[in-house]
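A.B. asks: Take this structure, written in structure tokens, and hold onto it; I'll ask about it next.
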Amino acid sequence: MKRGLRVIIPITVAGVLIAVFAWLVHGKQIDVIHTAGIVADEQRQLLFFALLLSACVVVPVFTLLILFSVKYRAGNKNSSYDPNFSENAVLEGLWWGIPIAIIGILGMLTYQTSHSLDPYKKLEGGKELSIQVIGLQWKWLFIYPEYNVATLNYMAAPVDRPVHLSLTAQAPMSALWIPALGSQIYAMNGMDSQLNLKGTKIGEYTGYNTNINGEGYAKMTFTAKIMSRNDFSNWQTKASSSKNMMDMATFDVLAKPESMRDERDYVLVDKDLYDKVMQRNMPHGHTSTEHQE
Amino acid sequence: MSDWLQIMIGRISLDYLPSDPATIGAAIGMPLMVLGVVGALTYFKKWKWLWESWLTNLDAKKIGTMYIIVAILMLVRGGADAIMLRMQTAVAVGDAKGPFDADMFQQVVTAHGTLMIFFVAMGLVFGIINWVLPLMIGARDMAFPLLNSISFWLFAAGMVLNNFSLVFGGFSNGGWLGYPPLTELQYNPGPGVDYWIWSLQIAGVGSLMSGINFFVTIIKNRAPGMTFWKMPVFSWSVFVMSVLIMLAFPILTVTLTLLGLDRTMGMHFFTSDAGGNPMLYINLIWAWGHPEVYILVLPAFGIFSEVVATYSKKILFGYRTMVYALLAIMFLSFVVWQHHFFTMGAGANVNAFFGIMTMVIAIPTGVKIFNWLFTMYRGRIDFKAPMVWFLAFVFTFTIGGVTGVLMAVPALDFQVHNTMFLVAHFHNVIIGGVVFGLFAGITHWFPKIFGFKLYDKFGRWAATLWQIGFILAFIPLYILGLMGAVRRLDSYDDPSWQPFFIVSGIGVLVIATGVAAFLLQVGYSIWKRKELIDTTGDPWDGRTLEWSVPSPAPHYNFAVIPEVTERDEWWHRKQTGNTAYARKEYVDIWLPRNSAVGIYVAIAAGFMGFGIIWHIWWLVAIALLGLVVVVIKQTVNDDSEYQVTANELFHEDQKRSVV
């Protein structure tokens, strides 16, 4: 009886736990898995491949753990006992060899994807849309130099067109991340970091700040709106006709540490706003993080 | 008048008194608890006993016990923080407000991380090392017993300063590693960050001195015949760990000093203006921070190496491989720090290098796991509580290792960095590796220190509850991370996240019952100590030297320092029936006298920290002066040891030895 329970209880507990997690995950939108951008797509594939590769170690470890625990328990007098068995070149070679092989494969993949999925690498697919992003306490400002407009707390981009983001901040270190589109990068005072993304599905996706930067940190989200070509040109017209003007004075008011979650459109009056913001946080003549190849 | 006042009390003002209910509760409760303890000690007239047997005692085992008591207390506080965090995230969805505002929540997050790493994990690790290391290598004590006491008291001073912020002034809201420029004056002028800096600085100096102490102890105090290749793996792990401490902790000291200079002297090392560079801080702090992870986990690996061999009644499989793996990890742990900020914009080649180096660490770690498994192979495994902790460790740590390898791929890290996925990952390795390992170690060596065993059943309960609680608390966080939940999140918009946070909160409560089960285990065992008494000195049929002396181990550890011929010396002696000493082998020994220097140093350091935090410069000057005087006075103290004669040792041994 007692022995039976020892088998039944762990299996029941494991079953209940699995059921709980299955119920939790069921029907949920998981942005990193249910992707909407070319970068995030490739990252999802990479994730699954790496998981599969890891299984080559995890499965044997768990199997051996259970097998040995059952077979060599003190109560089982039928198993062999060999208290001095401490070395075996073949076995040790095996478990140096297998992880080395797995890490070797994953290492090559790491090298390759560090380049192919480098956030600084430009994406193919026509003329890119340049967006300048400024992280503020606690909101995101997006500047579209090509269209002379700016938006607050949302980013507009046409579907299937590469987007090139330049990021800086007038705030403690922040980071921009749109999980459905892929890859995050830090936005820092006086720095100019880069991120290349491409939305492949029309829709609205939440973007986040992943680095703690004060009180309004958790509420510093924004929406990435991936639009059809038509909607995008409509948006452009609408934004260009906004009554709000974005210049240094407006920016300084906006930059005050305050949580603000509404979306706004601006006409970009000061075309050099991004560079000015970056440079005034840049210590005497220091250059920004130039990308080293 | 006000100038004078400012010189006297710095920037102390009533504004810094706590204002929200949770903090007020803690601010009243904690001093009451301290008063209660003080009152009880006075009522039962225990001050002299406490002072002589504990506070000023230089016996490493006593110091170890004090480390462990402090660490368990802080585990309870850090655990309360964790419950507060998950209470908040269980309700703060959309417009719904949680019990805490954002600033308070961020302080709790920071306190939780800081306490758990610096005062729980480090405290438990140092405690176990103090318990076991000298015994295991056949030494009477650490190489520098007084320095050991100073290390502990600095650790305690850091802990007190850290907790005092709760009563007065508030804590940092900058996360456990306090990235500037958020932690610079520009964004954080209050005393919170200074509390964080100085509590870590003081404890960190103590840790550095411990590292030196352990290192020298292993180099100089091993029993005759114990070559490095005959040293038990736990001692090897401490050796490697102390090398890491000696190389890494100075970086922490310097980094915190520079940040402190920025904040108190108006300098610009890490500010985002006037030529400062926050990215430099991030490099420096992780150049310490990554080795720190191994400083914590390697001793846990060492503990499991002893535990698995002992309870499987088998020699450890692949001893040399285990040591080579430790050495490999020692070197590799210094060339991976950049993986903590792949997203800071370094080039693809830099990211690839650090990513691959990180994965390479998985190789020796994986090898160690297989070696432990094959130590069980053809063994006679007795599933006492330490083995149950081991099972939980292999399960949890392996999952943590896998997610670690995933995060080591820079292209994947871009999707999970700074999210709940990361939070789940490091809890997976730190709880699964460090905490489970240390509980196994405490249970395993408890009888050697106290003379009675811990009641095993409650230990197995504790391990099981921790394991189930862990799964409930952290698996949902992995999924949340993939859904877009970032770390340190005090509220969120997406209602579909809420069930995950609630399940995670339930998990934290289950872990709390695991902690309770452990406390119950200790309490019950003290109550039933007569039944659980260990009369043999060797309750688990042990393999290494600590089991060759009676339990509790005498304060001098070994009446006769053993000659070592084998790796598992005690096991070998039992096999050959050579377990007792002849009268002529006993000689006179010298032991260190009690010393209160550690306490004085810690008091001075604590006041120095407090003075800097509150800009009370006269206090800093006096504290520093006091520090110098105490140290000079100690250096001219020649009367620091007393003699125990061979006769006394022999009679003591006769009395204790088993008939």
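Protein chains in written order, with the working numbering: chain A, 4 to 296; chain B, 13 to 671. Backbone N, C-alpha and C fix where the C-beta goes; we use that ideal spot for every residue, glycine too. Note that the structure is a prediction, hence the values are computed from the model and not measured.
#1: May I have the straight-line CA-CA distance separating R6 of chain A from R76 of chain A, to the nearest angstrom?
#2: Just curious, the alpha helix (DSSP H) that K667 of chain B is in, first and last residue?
#3: I'd like to know whether the C-beta atoms of I215 of chain A and L200 of chain A end up nearer to each other than 8 Å.
#4: Given a threshold of 16 other Cβ atoms within 10 Å of its Cβ, counted over all protein chains shown, does G589 of chain B qualify as buried or as exposed?
#5: Enumerated in chain order, which unbroken segments of the alpha helix (DSSP H) with a length of 4 residues or greater are wholly contained in the region 72 to 118 of chain B?
#6: Locate the alpha helix (DSSP H) running through G246 of chain A, then write down its first and last residues.
#7: Can you give me the C-alpha to C-alpha distance between G463 of chain B and T209 of chain A, rounded to a whole angstrom?
#8: Which residues, taken in chain order from the region 404 to 433 of chain B, show a beta carbon closer than 8 Å to some beta carbon of chain A?
#9: Residues of chain B with a CB under 9 Å from the CB of R232 of chain A: which are they?
#10: Could you check if S161 of chain B is buried or exposed, using at least 16 other CB atoms within 10 Å of its CB as the buried criterion?
#11: Is the Cβ of I491 of chain B closer than 8 Å to any Cβ of chain A?
#12: Quick check on L70 of chain B: does DSSP put it in helix, strand or coil?
#13: So V252 of chain B and L338 of chain B are supposed to be a Cβ contact under 8 Å. How far apart are they, rounded?
#14: So, at 6 Å on beta carbons, what are the nonlocal neighbours of V121 of chain B in its own chain, with the 5 sequence-adjacent residues on each side left out?
#15: Establish whether the CB of I205 of chain A and some CB of chain B are separated by less than 8 Å.
#16: So what's W180 of chain A in DSSP terms, helix, strand or just coil?
#17: Closest Cβ-Cβ distance between M243 of chain B and chain A: below 8 Å?
#18: Within the continuous alpha helix (DSSP H) that includes Q427 of chain B, where are the two ends?
#19: Looking at the structure shown, is I225 of chain B part of a helix, part of a strand, or coil, going by DSSP?
#20: Taking the beta strand (DSSP E) that M230 of chain A falls in, what are its first and last residues?
#21: Leaving out five residues before and five after L168 of chain A in sequence, what residues of the same chain have Cβ atoms less than 6 Å from its Cβ?
#22: Starting from G272 of chain B, follow the alpha helix (DSSP H) in both directions and report where the run begins and ends.
#23: For the region 206 to 217 of chain A, which residues have a beta carbon sitting closer than 8 Å to at least one beta carbon of chain B?
#24: When burial is assigned at 16 or more other CB atoms within 10 Å of the CB, is Q666 of chain B buried or exposed?
#25: Rounded to a whole number of angstroms, what is the C-alpha to C-alpha distance between G135 of chain B and S345 of chain B?
#26: Nearest chain A C-beta to M495 of chain B closer than 8 Å, yes or no?
#27: Out of curiosity, what's the CA-to-CA distance linking A221 of chain A and V446 of chain B?
#28: Return the residues of the region 383 to 394 of chain B that lie within a Cβ-Cβ distance of less than 7 Å from chain A, sorted by chain order.
#29: Name, going along the chain, the residues of the region 347 to 364 of chain B whose beta-carbon falls closer than 8 Å to a beta-carbon of chain D.
#30: I'd like to check one pair, L139 of chain A with Q187 of chain A: are the Cβ atoms closer than 8 Å?
#31: The alpha helix (DSSP H) spanning W98 of chain A covers which residue range?
#32: So, does the CB of G519 of chain B fall closer than 8 Å to a CB anywhere in chain A?
#33: Let me confirm a value: R283 of chain A is counted as buried when at least 16 other C-beta atoms fall within 10 Å, else exposed. Which label applies?
#34: If we define contact as Cβ-Cβ less than 8 Å, is V671 of chain B a contact residue for chain A?
#35: Starting from F145 of chain A, follow the beta strand (DSSP E) in both directions and report where the run begins and ends.
#36: Do we get a CB-CB distance below 8 Å when we pair D285 of chain B with the residues of chain A?
C.D. replies: According to the data block:
#1: Position 3 of the first sequence, counted from the first residue, corresponds to residue 6 of chain A. Position 73 of the first sequence, counted from the first residue, corresponds to residue 76 of chain A. R6 of chain A and R76 of chain A: Cα-Cα distance of roughly 13 Å.
#2: Stepping through the second sequence from its first residue, residue 667 of chain B is reached at position 655. Residues A658 to R668.
#3: As a working mapping, residue 215 of chain A is identified with position 212 in the first sequence. As a working mapping, residue 200 of chain A is identified with position 197 in the first sequence. Going by C-beta atoms, I215 of chain A is not nearer than 8 Å to L200 of chain A.
#4: Numbered from its first residue, the second sequence carries residue 589 of chain B at position 577. The residue in question, G589 of chain B, is exposed, as its Cβ has fewer than 16 Cβ neighbours within 10 Å.
#5: 72 to 103
#6: By 1-based counting over the first sequence, the position of residue 246 of chain A is 243. Looking at the sequence itself, residue 246 of chain A is Lys, so the reference to Gly does not match. Per DSSP, K246 of chain A belongs to no alpha helix (DSSP H) and is neither H nor E.
#7: Here residue 463 of chain B corresponds to residue number 451 of the second sequence, with the count starting at 1. Here residue 209 of chain A corresponds to residue number 206 of the first sequence, with the count starting at 1. Each residue's Cα considered, the two are about 59 Å apart.
#8: V406, F407, T410, I411, V414, V417, L418, A420, V421, P422, A423, L424, F426, Q427, V428, H429, N430 and T431
#9: Here residue 232 of chain A is taken as the residue at index 229 of the first sequence, counted from 1. Ordered by position in chain B, no residue passes the 9 Å Cβ test against R232 of chain A, which lies about 27 Å from the chain.
#10: By 1-based counting over the second sequence, the position of residue 161 of chain B is 149. It counts as buried.
#11: To locate residue 491 of chain B, count along the second sequence from 1; it is residue 479. Taking Cβ atoms only, chain A reaches closer than 8 Å to I491 of chain B, which makes this a yes.
#12: On the second sequence, position 58 is the one that residue 70 of chain B refers to. If DSSP states are grouped into helix, strand and coil, L70 of chain B belongs with coil.
#13: Stepping through the second sequence from its first residue, residue 252 of chain B is reached at position 240. Stepping through the second sequence from its first residue, residue 338 of chain B is reached at position 326. So it is a contact: roughly 5 Å between Cβ atoms.
#14: On the second sequence, position 109 is the one that residue 121 of chain B refers to. Correct list, in chain order: R500.
#15: In the first sequence, the residue the question calls residue 205 of chain A occupies position 202. Output row for I205 of chain A: interface = no.
#16: Against the first sequence, residue 180 of chain A aligns to sequence position 177. W180 of chain A falls in the strand class under three-state DSSP.
#17: On the second sequence, residue 243 of chain B is found 231 positions in, with the first residue counted as 1. Chain A, which has no Cβ nearer than 8 Å to the Cβ of M243 of chain B, makes this no.
#18: Sequence index remark: in the second sequence, residue 427 of chain B carries index 415 (1-based). Unbroken alpha helix (DSSP H) run through Q427 of chain B: P422 to V428.
#19: Here residue 225 of chain B refers to the residue found at position 213 when the second sequence is read from its first residue. According to the sequence shown, residue 225 of chain B is Asn rather than Ile. If DSSP states are grouped into helix, strand and coil, N225 of chain B belongs with the helices.
#20: What you label residue 230 of chain A is simply residue 227 of the first sequence in a count that begins at 1. F225 to M230 is the extent of the beta strand (DSSP E) around M230 of chain A.
#21: Residue 168 of chain A sits at position 165 when you count from the first residue of the first sequence. Correct list, in chain order: I134, V136 and L198.
#22: The count along the second sequence starts at 1 and reaches residue 272 of chain B at position 260. That run of the alpha helix (DSSP H) goes V245 to M277.
#23: T209, Y211, N212, T213, N214, I215, N216 and G217
#24: Along the second sequence, read from residue 1 onward, the residue named residue 666 of chain B stands at position 654. Classification of Q666 of chain B: exposed, given that the 10 Å Cβ count is below 16.
#25: Residue 135 of chain B sits at position 123 when you count from the first residue of the second sequence. Residue 345 of chain B sits at position 333 when you count from the first residue of the second sequence. Straight-line Cα distance between these residues: approximately 21 Å.
#26: For the purposes of this step, residue 495 of chain B is taken as residue 483 along the second sequence, with counting starting at 1. Output row for M495 of chain B: interface = yes.
#27: Reading the first sequence from its first residue, position 218 is the one you call residue 221 of chain A. Reading the second sequence from its first residue, position 434 is the one you call residue 446 of chain B. Near 30 Å, if we compare the C-alpha coordinates of V446 of chain B and A221 of chain A.
#28: L385, F386, M388, Y389, R390, G391, R392, I393 and D394
#29: Here the protein chains are A and B, and chain D is not one of them.
#30: Counted from its first residue, the first sequence places residue 187 of chain A at position 184. Counted from its first residue, the first sequence places residue 139 of chain A at position 136. It is not a contact, given that the beta carbons lie outside the stated cut-off.
#31: Translated into the one-based positions of the first sequence, residue 98 of chain A becomes position 95. A92 to S119 is the span of the alpha helix (DSSP H), which, as asked, contains W98 of chain A.
#32: Here residue 519 of chain B corresponds to residue number 507 of the second sequence, with the count starting at 1. Output row for G519 of chain B: interface = no.
#33: Working through the first sequence from its first residue, we reach residue 283 of chain A at position 280. Counting Cβ neighbours within 10 Å, R283 of chain A comes out exposed, since fewer than 16 surround it.
#34: The count along the second sequence starts at 1 and reaches residue 671 of chain B at position 659. At V671 of chain B, the pLDDT of 39 sits below 50, so the modelled position is not reliable; the number obtained from the coordinates is stated separately. Taking Cβ atoms only, chain A never reaches closer than 8 Å to V671 of chain B, which makes this a no.
#35: Residue mapping note: residue 145 of chain A aligns to position 142 of the first sequence, counting from 1. Where F145 of chain A is concerned, the enclosing beta strand (DSSP E) stretches over K142 to Y147.
#36: Here residue 285 of chain B refers to the residue found at position 273 when the second sequence is read from its first residue. It does; some Cβ of chain A falls within 8 Å.
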